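Each residue of the sequence shown is one higher than the one before, counting from 1 in the numbering used here.
Beta carbons are placed, not taken as given, at the ideal position from N, Cα and C, and that holds for glycine.
What you are looking at is a predicted structure, and each value in this text was computed from that prediction instead of being measured.
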Amino acid sequence: MRIFPDEAGKMNRSVAEAAGGLLVISQFTLIASTAKGNRPSFIEAARPEEALPLYERFLAAVESQAGRRPERGVFAADMKVALVNDGPVTIVIDSRRRE
Numbered sequence: 001m002r003i004f005p006d007e008a009g010k011m012n013r014s015v016a017e018a019a020g021g022l023l024v025i026s027q028f029t030l031i032a033s034t035a036k037g038n039r040p041s042f043i044e045a046a047r048p049e050e051a052l053p054l055y056e057r058f059l060a061a062v063e064s065q066a067g068r069r070p071e072r073g074v075f076a077a078d079m080k081v082a083l084v085n086d087g088p089v090t091i092v093i094d095s096r097r098r099e
């Protein structure tokens, strides 16, 4: 996906072309449902024994596509992650809808 700016400031470079890094962290809270009640529900999230192989398969796919090993978080760990967004751009990729 070409989402990094070129010399003209247009989103025209891939992470490899931009000499960027990759960080992959498992995050079950992305599947939270807020449709009912005042607390998010994580009932749709995969159980850890099912999710870990999926996470590892995703890491392998990222490494294969990128040609290098991504930095990674610790699966199922409580981590503090800091980042600086360079935006105002947020891209949501829905794997169910292929968008």
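When the Cα atoms are used, Asp94 and Ser26 turn out to be separated by approximately 16 Å. Taking C-beta atoms under 8 Å as the contact rule, Val24 and Val81 fail to qualify, at a distance of about 11 Å. In this structure the segment 66-86 lies against the segment 6-22, because at least three pairs of beta carbons, one per stretch, are closer than 8 Å. The C-beta separation of Thr29 from Phe42 comes to about 7 Å, placing the pair in contact by the 8 Å criterion. In the DSSP assignment, Arg13 falls within the beta strand (DSSP E) that extends over 11-13.
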